[in-house]
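Beneath this line is the structure, given in structure tokens, with notes to follow.
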Amino acid sequence: MILIVDMNWKKDSLGFYEFVLPIAVVAEKLDEYTVKHYLEVTKEDLIQSDKIILSGTTLKDTASLCQPEKFQWLKETKKPVLGICAGMETIGVVYGMRLVKCLEIGMTQITTLKENPFVQGNFKAYSLHSYCIQFSGDFEVWAKSAKCTQIVKHKQNPIYGVLFHPEVRNQELISVFAKLSLNT
Amino acid sequence: MQLGVLFSGGKDSTLALHYAAEKEEVACLITLVSQNRESYMFHTPNIDVTVLQAEALGLPQITKNTQGEKEKELSDLEDAIAQAARDYKIEGVVTGAIESVYQAERVQRICYKLGLWCFNPLWKHDQKALLEELIEKQFGVIISGIFAYPLDEKWLGKQIDTELIDKLVDLQQKYGISPSGEGGEIETSVLEAPLFKTKIEVLDYSVEAKGNSGVFEIKHARLVPK
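These protein sequence lines are chains L and P, in that order.
For the first sequence, the residue numbers in this note's numbering are 7 to 190.
For the second sequence, the residue numbers in this note's numbering are 28 to 253.
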């Protein structure tokens, strides 16, 4: 079961169609899935899920970034987590990393820095963010654009962050995440 | 949240408006009237009918003319959105983009610059499912432009129904045509929609077609009770 966490500023928002449904369309080809808004995720949801995906949200929406206390479960779960865009930024904030302004909109050139199961070489991806995280310490950087870190993994836990939107271009990344073993 | 909808009068912007109205308050329509029939950004056939559509919706409309030159039309769009923000206090913009990164990126940049939210509620949705949703929700939509092989004059003016959707999906499989016309293969005009208080009756039209390119132009239309 894949738990997709809706990171939009409120439940049943207009952003749901754009940032959550496209992930669900990819997820339903891979496994059963369920969607919960981030304010309504329960311990039971986390127990029931095998994998967790945090969605992105609109450029203007910073609600989840202002509520790291709602995501403390990210530090406790042993389940693989993939944060997409705002999802990745939220992971960074929860782990005490620095959030900085960084605007990228549209197709962006990404360079892989470290061998990893998601991507390889240079490729293009769809970006839509006005912030990024300066990751350090607990995280290793797997890929970068000219402006910022694009893919990271927590050094000990199966927590991954992707700043671009793989549900728009590079959907294969979500498939790879869904098939990851806990030891990757 | 008060929203402005980028409105061409075609099926995608009208369906996006429908989604937006279910979640937030639509304050106005924003329409660019392009003089360039091959505009990169803006649908052109029957753009004049948007005046009737706005009336049927009971919504104010901001209309701006543009020469339709590649980047100048973006500055015209920015002016129109800025006017909507001033006149109708919109906080965000809604588009009917489905697949086009080109369109989505440009509207996102304008909204960011103006400090507005940007929503694309049809983004990445299955195109056949969107066409079927139009029928399920009882939209009345006709084909008003064809611009790709093997489409021809016979398609112009046809109402989108299940038979026509099957044909479009067949063409997708054989020729790679986007069923929703996202690649500019077809353009549509909406004559009836759930949020329309009245519907549009076409009284006079002309068909201008050459090969695989043509337009169904509504020359005279009126609002009638549903």
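Note that CB positions come from ideal geometry on N, CA and C, so glycine has one too.
Closest by C-alpha distance to residue i, when choosing among the options
{"i": "glycine 102 of chain L", "options": "L:Glu110, L:Phe141, L:Glu82", "result": "L:Phe141"}
{"i": "leucine 42 of chain L", "options": "L:Pro123, L:Thr117, L:Lys130, L:Met13", "result": "Looking at the sequence provided, one finds lysine at residue 42 of chain L rather than leucine. Among L:Pro123, L:Thr117, L:Lys130, L:Met13, the Cα nearest to that of lysine 42 of chain L belongs to L:Met13."}
{"i": "alanine 248 of chain P", "options": "P:Gly241, P:Ala236, P:Val217, P:Lys194", "result": "P:Val217"}
{"i": "lysine 140 of chain P", "options": "P:Ala109, P:Pro252, P:Gly208", "result": "P:Ala109"}
{"i": "alanine 33 of chain L", "options": "L:Ser55, L:Tyr44, L:Val47, L:Glu46", "result": "L:Ser55"}
{"i": "alanine 236 of chain P", "options": "P:Asp197, P:Leu191, P:Gln62, P:Asp179", "result": "P:Asp179"}
{"i": "valine 251 of chain P", "options": "P:Ile117, P:Val120, P:Asp153, P:Val229", "result": "P:Val229"}
{"i": "proline 84 of chain P", "options": "P:Tyr232, P:Thr225, P:Val234", "result": "The amino acid at residue 84 of chain P is misidentified as proline; the sequence shows leucine. Closest by alpha carbon: P:Thr225."}
{"i": "tyrosine 166 of chain L", "options": "L:Ser151, L:Glu110, L:Glu95", "result": "L:Glu95"}
{"i": "aspartate 260 of chain P", "options": "P:Gly119, P:Leu33, P:Thr77", "result": "Nothing about residue 260 of chain P can be reported from this structure: the residues present for chain P run from 28 to 253 only."}
{"i": "leucine 9 of chain L", "options": "L:Lys120, L:Asp18, L:Pro86", "result": "L:Pro86"}
{"i": "glutamine 126 of chain L", "options": "L:Glu110, L:Ala149, L:Leu109", "result": "L:Ala149"}
{"i": "glycine 208 of chain P", "options": "P:Glu126, P:Phe223, P:Asp75", "result": "P:Glu126"}
{"i": "glutamate 219 of chain P", "options": "P:Gly31, P:Lys155, P:Gly36", "result": "P:Gly36"}
{"i": "alanine 131 of chain L", "options": "L:Phe124, L:Gly112, L:Pro164", "result": "L:Gly112"}
{"i": "glycine 142 of chain P", "options": "P:Glu159, P:Lys116, P:Phe166", "result": "P:Lys116"}
{"i": "threonine 71 of chain P", "options": "P:Glu98, P:Thr93, P:Glu82", "result": "P:Thr93"}
{"i": "glutamine 115 of chain L", "options": "L:Lys153, L:Leu179, L:Glu82, L:Gly93", "result": "L:Lys153"}
{"i": "isoleucine 173 of chain P", "options": "P:Ser205, P:Pro221, P:Glu160", "result": "P:Ser205"}
{"i": "tryptophan 15 of chain L", "options": "L:Leu169, L:Lys185, L:Gly93, L:Lys161", "result": "L:Gly93"}
{"i": "glycine 123 of chain P", "options": "P:Trp182, P:Gly95, P:Gly203, P:Leu56", "result": "P:Leu56"}
{"i": "lysine 253 of chain P", "options": "P:Gly203, P:Lys181, P:Pro177, P:Gly167", "result": "P:Gly167"}
Neighbour list for residue i in chain P, Cβ cutoff strictly below 7 Å
{"i": "glycine 112 of chain L", "result": "Val128, Glu132"}
{"i": "serine 61 of chain L", "result": "Going along chain P, no residue has its Cβ under 7 Å from serine 61 of chain L, so there is no contact; the nearest lies around 13 Å."}
Where residue i meets chain L, residues with beta-carbon distance less than 7 Å
{"i": "alanine 47 of chain P", "result": "Leu20"}
{"i": "proline 148 of chain P", "result": "Leu20, Tyr23, Glu24"}
{"i": "cysteine 145 of chain P", "result": "Thr64, Leu65"}
{"i": "glutamate 51 of chain P", "result": "Leu20"}
Test: residue i CB closer than 8 Å to a CB of chain P
{"i": "glutamate 38 of chain L", "result": "no"}
{"i": "tyrosine 44 of chain L", "result": "no"}
{"i": "leucine 134 of chain L", "result": "yes"}
{"i": "glutamate 173 of chain L", "result": "yes"}
Whole-Å CB distance - residue i paired with residue j, under 8 Å assumed
{"i": "leucine 71 of chain L", "j": "leucine 105 of chain L", "result": "7 Å"}
{"i": "leucine 79 of chain P", "j": "isoleucine 227 of chain P", "result": "5 Å"}
{"i": "threonine 68 of chain L", "j": "phenylalanine 25 of chain L", "result": "That belief does not hold up - the Cβ atoms of threonine 68 of chain L and phenylalanine 25 of chain L are roughly 14 Å apart, past 8 Å."}
{"i": "aspartate 197 of chain P", "j": "isoleucine 162 of chain P", "result": "Their Cβ separation, rounded to whole angstroms, is 17 Å, which puts aspartate 197 of chain P and isoleucine 162 of chain P out of contact at 8 Å."}
{"i": "serine 151 of chain L", "j": "glutamate 110 of chain L", "result": "6 Å"}
For residue j and residue i, the rounded distance between their alpha carbons
{"i": "glutamate 52 of chain P", "j": "serine 40 of chain P", "result": "16 Å"}
{"i": "glutamate 49 of chain P", "j": "glutamate 146 of chain L", "result": "42 Å"}
{"i": "glycine 98 of chain L", "j": "tyrosine 44 of chain L", "result": "16 Å"}
{"i": "proline 28 of chain L", "j": "leucine 59 of chain P", "result": "29 Å"}
{"i": "glutamate 46 of chain L", "j": "tyrosine 23 of chain L", "result": "18 Å"}
{"i": "lysine 107 of chain L", "j": "leucine 65 of chain L", "result": "12 Å"}
{"i": "glutamine 62 of chain P", "j": "methionine 28 of chain P", "result": "32 Å"}
{"i": "leucine 42 of chain P", "j": "tyrosine 137 of chain L", "result": "31 Å"}
{"i": "alanine 107 of chain P", "j": "lysine 91 of chain P", "result": "6 Å"}
{"i": "tyrosine 46 of chain P", "j": "valine 100 of chain L", "result": "33 Å"}
{"i": "valine 191 of chain L", "j": "isoleucine 90 of chain L", "result": "The shown model of chain L, from 7 to 190, leaves out residue 191 of chain L, and the question about it has no answer."}
{"i": "alanine 112 of chain P", "j": "arginine 136 of chain P", "result": "16 Å"}
{"i": "lysine 164 of chain P", "j": "tryptophan 150 of chain P", "result": "19 Å"}
{"i": "lysine 185 of chain P", "j": "leucine 191 of chain P", "result": "8 Å"}
{"i": "histidine 171 of chain L", "j": "serine 233 of chain P", "result": "44 Å"}
{"i": "methionine 7 of chain L", "j": "leucine 52 of chain L", "result": "10 Å"}
{"i": "valine 242 of chain P", "j": "threonine 215 of chain P", "result": "10 Å"}
{"i": "asparagine 239 of chain P", "j": "aspartate 231 of chain P", "result": "23 Å"}
{"i": "isoleucine 89 of chain P", "j": "threonine 118 of chain L", "result": "46 Å"}
{"i": "glutamate 75 of chain L", "j": "glutamine 130 of chain P", "result": "37 Å"}
{"i": "leucine 36 of chain L", "j": "glutamate 132 of chain P", "result": "29 Å"}
{"i": "glycine 211 of chain P", "j": "tryptophan 144 of chain P", "result": "26 Å"}
{"i": "proline 123 of chain L", "j": "valine 182 of chain L", "result": "7 Å"}
Residue-level contact to chain L via CB, residue i, 8 Å cutoff
{"i": "tryptophan 182 of chain P", "result": "no"}
{"i": "lysine 97 of chain P", "result": "no"}
{"i": "tyrosine 115 of chain P", "result": "no"}
{"i": "glutamine 135 of chain P", "result": "yes"}
Residue i: contacting residues in chain P (beta-carbon distance under 9 Å)
{"i": "proline 28 of chain L", "result": "Trp150, Lys151, His152"}
{"i": "serine 55 of chain L", "result": "Simply none; closest approach about 23 Å."}
Partners in chain P for residue i, counting only beta-carbon separations shorter than 8 Å
{"i": "tyrosine 166 of chain L", "result": "Result: empty, since nearest Cβ-Cβ is about 21 Å, beyond 8 Å."}
Proximal residues of chain L, C-beta to C-beta of residue i below 8 Å
{"i": "tyrosine 176 of chain P", "result": "None at all; the shortest Cβ gap to chain L is about 27 Å."}
Interface residues of chain L facing residue i [CB-CB closer than 9 Å]
{"i": "tyrosine 139 of chain P", "result": "Leu65, Lys66, Leu109, Ile111, Ser136"}
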